[in-house]
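Heads up: the sequence shown at position 110 corresponds to 1395 in my numbering, and the numbers run straight through without jumps.
Here the structure is laid out as structure tokens; the discussion comes afterwards.
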Amino acid sequence: MLDTKLHPIMNRWPAQFPDRIQLYSFPTPNGVKASIMLEETSLPYEAHKVTLSDADVKSPEFLSLNPNNKIPAIIDPNGPDGEPIGLFESGAILLYLAEKSGKFIGQTKADKHRITQWLMFQMGGIGPMFGQLGFFHKFAGSEIEDPRPRERYVNEAKRLLNVLNQQLDGQDWIAREYSIADIAIAPWLRGLEFYGAKELVGWDDYTNVTAYLDRFLDRPAVQTGLVTPSRD
Ligand SMILES: N[C@@H](CCC(=O)N[C@@H](CS)C(=O)NCC(=O)O)C(=O)O
1286 MLDTKLHPIM NRWPAQFPDR IQLYSFPTPN GVKASIMLEE TSLPYEAHKV
1336 TLSDADVKSP EFLSLNPNNK IPAIIDPNGP DGEPIGLFES GAILLYLAEK
1386 SGKFIGQTKA DKHRITQWLM FQMGGIGPMF GQLGFFHKFA GSEIEDPRPR
1436 ERYVNEAKRL LNVLNQQLDG QDWIAREYSI ADIAIAPWLR GLEFYGAKEL
1486 VGWDDYTNVT AYLDRFLDRP AVQTGLVTPS RD
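Written out as structure tokens, the structure is:
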């Protein structure tokens, strides 16, 4: 194992336990995917708070790990072949931790591909579309007079919720058994509340989805992951 103290990010966010997975994150829908997965797998880790301010995500130390200036990111000091590995993009982190732990990625190759399919559905669909909905409904975009951008993302969010609602008919989890697809999707459903957009998308009509989110939030690992690292 290489000396992880050599990574520049550790000058700004020092590791107390350099033999553990280092998580650089903030409790947002993308950030908590990594902390929930680490909690669910019981892999030893140390969490560092990296806020969304430019002073953190655009600092040279953070950019040395993720040139795309976004949380979450990890360093595993004991990666493939015992060598350290740094990773960003929450979907890549979930796949990596699933492979490392052998958990939440299904039992068969076919399961694995179905779970990956729903993970990508979140990464390419729910995440970007709900994120834009938040921008045009709650944040700076809400001041734009042209109603079309907001309408577009409201309609797209509804369409995606409908796809989820159908998929969850008669099953508890998105790819039947609990998996990284759920760890990716459910935090974004909770995000609709933060955006004040639940009524706007007709949340209560998606009864399979609302029950699914409650089921997810009941899990102890999820409850811990949602507040890791602490915002304080
Ligand atoms: N596709 C990326 C998106 C990550 C992302 O958008 N992170 C946001 C917080 S949820 C962020 O760090 N924003 C800071 C910025 O854009 O400056 C992933 O899934 O990891």
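All C-beta atoms in this analysis are idealised placements derived from N, C-alpha and C, irrespective of residue type, glycine included.
- Counting only residues of its own chain and dropping the five nearest sequence neighbours on each side, G1481 has a CB closer than 6 Å to the CB of K1423.
- In the DSSP assignment, I1370 forms a beta bridge with D1361.
- Contact annotation: the segment 1376-1384 does not touch the segment 1435-1442, with fewer than three C-beta pairs closer than 8 Å.
- Under the 8 Å Cβ criterion, the segment 1386-1397 does not count as touching the segment 1420-1437, having fewer than three qualifying pairs.
- Close CB contacts of Q1417 within its chain, under the 7 Å cut and outside five residues either way in sequence, are with Y1438 (chain order).
- As a beta-bridge residue in DSSP terms, S1310 pairs with K1334.
- According to the DSSP secondary-structure assignment, R1461 is paired through a beta bridge with W1458.
- Runs of the alpha helix (DSSP H) lying entirely within the segment 1467-1507 and spanning at least 4 residues, in chain order: 1483-1486 and 1492-1502.
- Taking a C-beta distance under 8 Å as the contact criterion, P1293 and E1346 qualify as a contact pair.
- When distances are taken from the beta-carbon of E1324 to the heavy atoms of ligand 1, even the shortest one reaches 7 Å or more.
- With a contact defined as Cβ atoms closer than 8 Å, A1469 and Q1407 qualify at about 4 Å.
- M1322 and I1465 do touch by the CB rule: their CB atoms are close to 7 Å apart, below 8 Å.
- In this structure, G1410 has its CB at a distance of at least 7 Å from all heavy atoms of ligand 1.
- For T1326, the enclosing alpha helix (DSSP H) starts and ends at G1316 to T1326.
- Inclusion of L1350 and Y1381 in the CB contact set at 8 Å is not warranted, their separation being larger than that value.
- Distance from A1319 to P1514 at the Cβ level is roughly 10 Å; contact not present, criterion being Cβ atoms closer than 8 Å.
- Under a 10 Å Cβ-count criterion, D1304 is classified as exposed, with fewer than 16 other Cβ atoms of the shown protein chains found around its own Cβ.
- Leaving aside the five residues that flank D1489 on each side, the residues in its chain whose CB is nearer than 7 Å to its CB run, in chain order, T1495.
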